[in-house]
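Chains W and V, in that order, give the protein sequences. Per my numbering, residue 1 is the first one in the first sequence, and the count goes up by one each step. Per my numbering, residue 1001 is the first one in the second sequence, and the count goes up by one each step. Here's the structure, in structure tokens; my notes come after.
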Amino acid sequence: MALDLKANNISFSYGTHWVLQDISFEVSAGDFLGIIGPNGSGKSTLIKLLDGVLTPQQGDIQLSGVKLTDLTRREIARRIAVVSPGLWLNFSVNVQQLVLMGRYPHLGNLRFEGKRDYRIAREAMALTDVSDLAHRYFHELSGGERQRVLLAKALVQQPELLLLDEPTVYLDINHTVDFFDLIKKMNREQGLTVVVVSHDINLAADYADRIVLLNQGRIFRQGFPYEVITAEHIHTIYGKKVLVDTNPTTSKPRVTLFSDLLSRLTKEGVNNQPA
Amino acid sequence: MTITSKSVGLRCFLLLILLVLSALGAIYFGPAKINLREIVRIFQHGLTETEILKPQVVIILSIRLPRIILAGLIGAALAVSGSIFQALLRNPLADPYILGISSGAAVGAISVIVLGYAASGWGIPLFSFAGALFTIGLVFYVAKTRERINTNTLLLAGVIVNSFFSAVIMLLLSISSMQDLHGIIYWLMGDLGQADYNKLVIVLPYILLGSGALYLYAPKINLLLLGEDEAMQLGVEVERVKKILYLLASLVTGAAVSVCGIIGFVGLIIPHIVRLIWGNDYRLLLPASFLLGGSFLIIADTIARTIISPVELPVGVVTAICGTPFFIYLLRSRKVL
């Protein structure tokens, strides 16, 4: 059945106060949705809710018309994969073994991975440029290498929907572009549906087709990037003046940070580059 | 390293050979001399009424054999449950006793000794098993919040219950008589000297069925090593699996402790030795720990009863003294757990 993930008026609390309130939106097959918002606006919690790791106290989330709470974990894992930031291991597991764990939802309970599983893992590791790391231990890798390994693990799951929670925080600029290009390509060519949470507004604007802007646990705006990402909205939510123009290479809105101090110093000629 | 059913089978077969060899060695070594040729002849031709009463045969069949089988089972049980607690708590330092099961069992066992009911033979295993079960339930109850088990809370609950029972053990020790103290100390350090077929029959189902059931969870345990959220995202019903692992591993530990006291180190070191050699895949780690744990305890117990014969050492002393240097060597040569 075609993928469709729908959040109906969900609210979630860890106990004392509402982290998310009255959230409704829909992701359909082939979408590329960006979720942005300030620290503590509930972005990561929303990802966990969308995958059913957390359950909302109010409202429900439906995957192709079925409530997540009525599905088994394995049924969900066959369709949705997640890349979360900062996986910490107390035991040594090598990269290949870790990537192969992504096959678990497709394997029977005691089946060992077969040739096909190894091929899928090799292909995913080649795509995310971690083939050389196959026999290294995960805990020995750098933050950026780890993120790419975790993406390979998620791809090995062969999901219809990929949820990414700050996937590029540890990545260099070149790997950040490669990472998002790969995802965008799979989104275009294979119809992979993507939801990405990012604190980097420009990155989200450039790659996502639609944006959800969260503020204090509520949806402030959702729509096309040019509708959501405006100087006025950003100022309202982040309390900072920004310049919003258009990225000439992508025709998407581009946010430039604005600092009173730096602009004054520049005006006075103290912050200038030597000519 | 790639893990296939074939590679798991092959490695377990090697460990099975080691287990059989250590059992055969353990039959041979001991204070009473055994004539090998005679034994082979007797077992080849089957036992007749008269031969079954020969001292050599009696020593082998009713003293050494049950003890060796028990040592093998207990070693296997402790290694398996240790590896489970390490994964469940995501803590390489976890061992089967970390959540207080051993202290609970000890309170049961020591009470029986202090009250003078130890002579019947059934009192100690029965009461220590009851103590273990009580502890398992208590720790579970303390750690449970809204149908969920938080592993940090579980660890804390275990540590707290453990220290409470340790205080009770100290209390019982301080009011017990000199004659009882010897028995208590031996129980606390782990002792296989009381082995007989009855004890085997009691613990066998717990250990075999428990370990077998745990093996069914091996792929899920692998995913649990990545953390609970990751495991859920990959398709594991984490809360259910954690409860099952906790209960099964605790029962296996409780059964083991109730018949032979607190044998330390096996449950900590054996899973790590397997890890250091063959990596961290529980589909191999569990059966390999089972077999290696069995061999290790059989060898340790053979040393314990022969090294200053006719006096026997508590086997727990030997496991710690043999195990530590080997473990340090492995740790230094590989540097990762």
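C-beta atoms are modelled at their ideal positions from N, C-alpha and C, and glycine is treated no differently.
Practice problem: Spatial neighbours of L1286/V within its chain, please: CB distance less than 7 Å, with the 5 preceding and 5 following residues excluded, ordered by chain position. | Solution: Walking along the second sequence from the start, residue 1286/V turns up at place 286. Closer than 7 Å at Cβ, skipping near neighbours: V1080, S1083, L1214, Y1215, A1218.
Quiz item: What does a CB cutoff of less than 8 Å around L1115/V pick up in its chain, not counting 5 residues either side in sequence?
Solution: Mapped onto the second sequence, residue 1115/V falls at position 115. So the list is empty, once near-sequence residues are dropped.
Quiz item: If you measure from the beta carbon of P159/W to each beta carbon in chain V, is any gap under 8 Å?
Solution: Along the first sequence, read from residue 1 onward, the residue named residue 159/W stands at position 159. Closer than 8 Å: no.
Quiz item: Using a beta-carbon distance below 8 Å, is V53/W in contact with chain V?
Solution: On the first sequence, position 53 is the one that residue 53/W refers to. So yes, V53/W belongs to the interface.
Quiz item: Among residues of its own chain, excluding the 5 on either side of Y1206/V, which ones have a beta-carbon nearer than 7 Å to its beta-carbon?
Solution: Indexing the second sequence from 1 puts residue 1206/V at position 206. Hits under 7 Å: L1251, V1252, A1255.
Quiz prompt | Proximity below 8 Å, CB of L163/W to CB of I23/W | solution = The sequence position of residue 163/W within the first sequence is 163, counting from 1. The sequence position of residue 23/W within the first sequence is 23, counting from 1. Against a cut-off of 8 Å, the Cβ pair of I23/W and L163/W comes out as no contact.
Quiz prompt | Distance, L98/W Cα to L213/W Cα | solution = Position 213 of the first sequence holds residue 213/W. Position 98 of the first sequence holds residue 98/W. Rounded to the nearest angstrom, the two C-alpha atoms are 33 Å apart.
Quiz item: CA-CA distance, R210/W and Q222/W?
Solution: If you number the first sequence from 1, residue 210/W lands on position 210. If you number the first sequence from 1, residue 222/W lands on position 222. Near 7 Å, if we compare the C-alpha coordinates of Q222/W and R210/W.
Exercise. Could you tell me whether the region 1130 to 1148 of chain V touches the region 1293 to 1301 of chain V, where touching means 3 or more Cβ pairs closer than 8 Å?
Key: no
Quiz prompt | Contacts that D1281/V makes with chain W (C-beta to C-beta distance below 9 Å) | solution = Here residue 1281/V refers to the residue found at position 281 of the second sequence. The answer, in chain order, is V93, Q97.
Quiz prompt | Under 7 Å by beta carbon: chain W residues contacting R1090/V | solution = As a position in the second sequence, residue 1090/V is number 90, starting the count at 1. In chain order: N90.
Quiz item: The beta strand (DSSP E) with I1307/V in it runs from where to where?
Solution: Here residue 1307/V corresponds to residue number 307 of the second sequence, with the count starting at 1. Run containing I1307/V: none; DSSP gives neither H nor E here.
Quiz item: Can you give the beta carbon distance from V95/W to R122/W, rounded, assuming they're within the 8 Å contact cut?
Solution: Locating residue 95/W in the first sequence gives position 95, counting from the first residue. Locating residue 122/W in the first sequence gives position 122, counting from the first residue. Contact doesn't hold; Cβ gap of about 12 Å is too wide.
Quiz item: Under a Cβ-count criterion, where at least 16 other Cβ atoms within 10 Å of its own Cβ denotes burial, should A126/W be classed as buried or exposed?
Solution: Taking the first sequence and counting its residues from 1, the one referred to as residue 126/W is at position 126. Burial call: exposed.
Practice problem: Have a look at H199/W, Q216/W, N271/W, K267/W and flag the residue whose alpha-carbon is nearest the alpha-carbon of V255/W. | Solution: Residue 255/W sits at position 255 when you count from the first residue of the first sequence. It is H199/W whose Cα lies nearest to the Cα of V255/W.
Quiz item: Going along chain W, which residues have a C-beta under 8 Å from E1312/V?
Solution: What you label residue 1312/V is simply residue 312 of the second sequence in a count that begins at 1. None at all; the shortest Cβ gap to chain W is about 37 Å.
Self-check item: Cβ pair S1005/V, F112/W closer than 8 Å
Solution: Reading the second sequence from its first residue, position 5 is the one you call residue 1005/V. Reading the first sequence from its first residue, position 112 is the one you call residue 112/W. Going by C-beta atoms, S1005/V is nearer than 8 Å to F112/W.
Exercise. Since I believe K1242/V is in contact with L1088/V (beta carbons under 8 Å), could you give me their beta-carbon distance rounded to a whole number of angstroms?
Key: For the purposes of this step, residue 1088/V is taken as the residue at position 88 of the second sequence. For the purposes of this step, residue 1242/V is taken as the residue at position 242 of the second sequence. That belief holds up - the Cβ atoms of L1088/V and K1242/V are roughly 6 Å apart, short of 8 Å.
Self-check item: Positions along the region 1212 to 1239 of chain V whose CB lies within less than 9 Å of some CB in chain W
Solution: Y1215, L1216, Y1217, A1218, P1219, K1220, N1222, L1223, L1225, L1226, G1227, E1228, D1229, E1230, A1231, M1232, Q1233, L1234, G1235, V1236, E1237, V1238
Practice problem: Assess, as a yes-or-no matter, whether the region 63 to 78 of chain W is touched by the region 136 to 155 of chain W under the definition of 3 or more beta carbon pairs within less than 8 Å. | Solution: no
Quiz item: Among all the DSSP beta bridges, which residues are the ones paired with I211/W?
Solution: Counting from 1 along the first sequence, the entry for residue 211/W is found at position 211. Answer is G34/W, G223/W, bridged to I211/W.
Quiz item: In this structure, does DSSP put R1090/V in helix, strand or coil?
Solution: Along the second sequence, one-based indexing puts residue 1090/V at 90. If DSSP states are grouped into helix, strand and coil, R1090/V belongs with coil.
Practice problem: Within the same chain, show all residues whose beta-carbon is closer than 8 Å to that of L1247/V, passing over the 5 residues directly before and after it, in chain order. | Solution: Start at 1 with the first residue of the second sequence, and residue 1247/V comes out as number 247. Excluding sequence neighbours, L1247/V sits near I1136, F1140.
Practice problem: Can you say whether T1319/V is buried or exposed, counting buried as having 16 or more other CB atoms within 10 angstroms of its CB? | Solution: Counting from 1 along the second sequence, the entry for residue 1319/V is found at position 319. It is buried - the Cβ of T1319/V has at least 16 other Cβ atoms within 10 Å.
Self-check item: Three-state secondary structure (DSSP) of D1301/V
Solution: The residue you call residue 1301/V lines up with position 301 of the second sequence. Helix at D1301/V.
Quiz item: Nearest CA to the CA of I1184/V: which residue from L1014/V, A1132/V, A1105/V, V1058/V?
Solution: Here residue 1184/V is taken as the residue at index 184 of the second sequence, counted from 1. Cα-wise, what sits closest to I1184/V is A1105/V.
Exercise. Report the neighbours of T1004/V on chain W: residues whose CB is nearer than 7 Å to its CB, in chain order.
Key: Walking along the second sequence from the start, residue 1004/V turns up at place 4. Chain W residues near T1004/V: F112.
Quiz item: In chain V, which residues lie less than 8 Å from M101/W when you measure between Cβ atoms?
Solution: Locating residue 101/W in the first sequence gives position 101, where the first residue counts as 1. Near M101/W (Cβ distances below 8 Å), the residues of chain V are N1222, L1223, L1226, L1234.
Quiz item: Hey, V1203/V and L1073/V are a contact pair by Cβ (cut 8 Å); roughly how many whole angstroms apart?
Solution: Within the second sequence, numbered from 1, the residue matching residue 1203/V stands at position 203. Within the second sequence, numbered from 1, the residue matching residue 1073/V stands at position 73. With 8 Å as the limit, V1203/V and L1073/V qualify as a contact, their Cβ atoms being about 6 Å apart.
Quiz prompt | Straight-line gap, V130/W to V1259/V (C-alpha atoms, nearest Å) | solution = Along the first sequence, read from residue 1 onward, the residue named residue 130/W stands at position 130. Along the second sequence, read from residue 1 onward, the residue named residue 1259/V stands at position 259. Distance between the alpha carbons of V130/W and V1259/V: 51 Å.
Quiz item: Going by the beta-carbon positions, is the gap between Y104/W and L1223/V smaller than 8 Å?
Solution: Taking the first residue of the first sequence as position 1, residue 104/W is located at position 104. Taking the first residue of the second sequence as position 1, residue 1223/V is located at position 223. Yes, the Cβ-Cβ distance between Y104/W and L1223/V is below 8 Å.
Quiz item: Of the residues A1288/V, W1278/V, A1300/V, which one's Cα is nearest the Cα of V93/W?
Solution: What you label residue 93/W is simply residue 93 of the first sequence in a count that begins at 1. Nearest C-alpha to V93/W: W1278/V.
Quiz item: Smallest Cα separation from V281/W: which of V194/W, K240/W, E145/W?
Solution: The shown model of chain W, from 1 to 275, leaves out residue 281/W, and the question about it has no answer.
Self-check item: Within chain V, the residues that Y104/W reaches when beta carbons sit closer than 7 Å
Solution: Indexing the first sequence from 1 puts residue 104/W at position 104. Within 7 Å Cβ-Cβ: P1219, L1223, L1234, G1235.
Quiz item: For the beta strand (DSSP E) that contains L162/W, what are its first and last residues?
Solution: In the first sequence, the residue the question calls residue 162/W occupies position 162. Start and end: 161 to 165.
Quiz prompt | Members of the region 67 to 83 of chain W near chain V, C-beta cut-off 9 Å | solution = T72, R73, R74, E75, I76, A77, R78, I80, A81, V82
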